[in-house]
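Student: One structure, pasted below without further comment.
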Amino acid sequence: MVGSGWYGVYAPAKTPPDMVAQLNKAIVAAVQSPPVKEKLLAFGLVPTGTSAAELRKIQAADSELWAPAVRASGFSPEQ
């Protein structure tokens with residue numbers, strides 16, 4: 001099994017879609033800016049930047065991929 005990691009930025013559930021789009025545009029621009037991109041690459045990270053919809057797809061796919069391993073491990077989050 002091969003895995004990869006990612007970082008996401010989240011907003012409260014009731015954030016207006018136009019605000020999410022504005023934030024997304026600013027964050028992607030920052031991640032793709034040469035100084036930030038260089039720093040991320042220096043840490044071995046691959047800066048991509050994507051949409052909120054694409055992040056939801058990535059998160060759902062990862063959840064589906066890793067759910068069997070998590071269940072098999074018996075892991076249960078503390079409450």
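Note that the working numbering gives residue 16 to position 16 of the sequence shown, counting from 1, and the numbers run on in steps of one.
Don't be surprised by glycine CBs; every beta carbon is placed ideally from N, CA and C.
Note that this is a predicted model, so its numbers are computed, not measured.
Hey, which unbroken runs of the alpha helix (DSSP H) at 4 residues or more fall wholly within the stretch 13-57?
Tutor: 17-32, 34-42
Student: In the structure shown, what three-state DSSP assignment does Ala11 receive?
Tutor: Sequence index remark: in the sequence shown, residue 11 carries index 11 (1-based). The answer is coil: DSSP assigns Ala11 none of H, G, I, E or B.
Student: Could you compute how far the alpha carbon of Val52 sits from the alpha carbon of Ala72?
Tutor: Looking up residue 52 in the sequence shown gives position 52. Looking up residue 72 in the sequence shown gives position 72. Rather than Val, the amino acid found at residue 52 in this sequence is Ala. Straight-line spacing of the CA atoms in Ala52 and Ala72 works out to 30 Å.
Student: Quick test of your reading: Pro47 and Gln59, contact by CB under 8 Å. State the CB separation rounded to the nearest angstrom.
Tutor: Within the sequence shown, the letter at position 47 stands for residue 47. Within the sequence shown, the letter at position 59 stands for residue 59. Rounded, the Cβ-Cβ distance is 18 Å, inconsistent with contact.
Student: What distance in whole Å lies between the Cβ atoms of Ile27 and Gly49, which are believed to be in contact at a cut-off of 8 Å?
Tutor: Here residue 49 is taken as the residue at index 49 of the sequence shown, counted from 1. Here residue 27 is taken as the residue at index 27 of the sequence shown, counted from 1. So it is a contact: roughly 7 Å between Cβ atoms.
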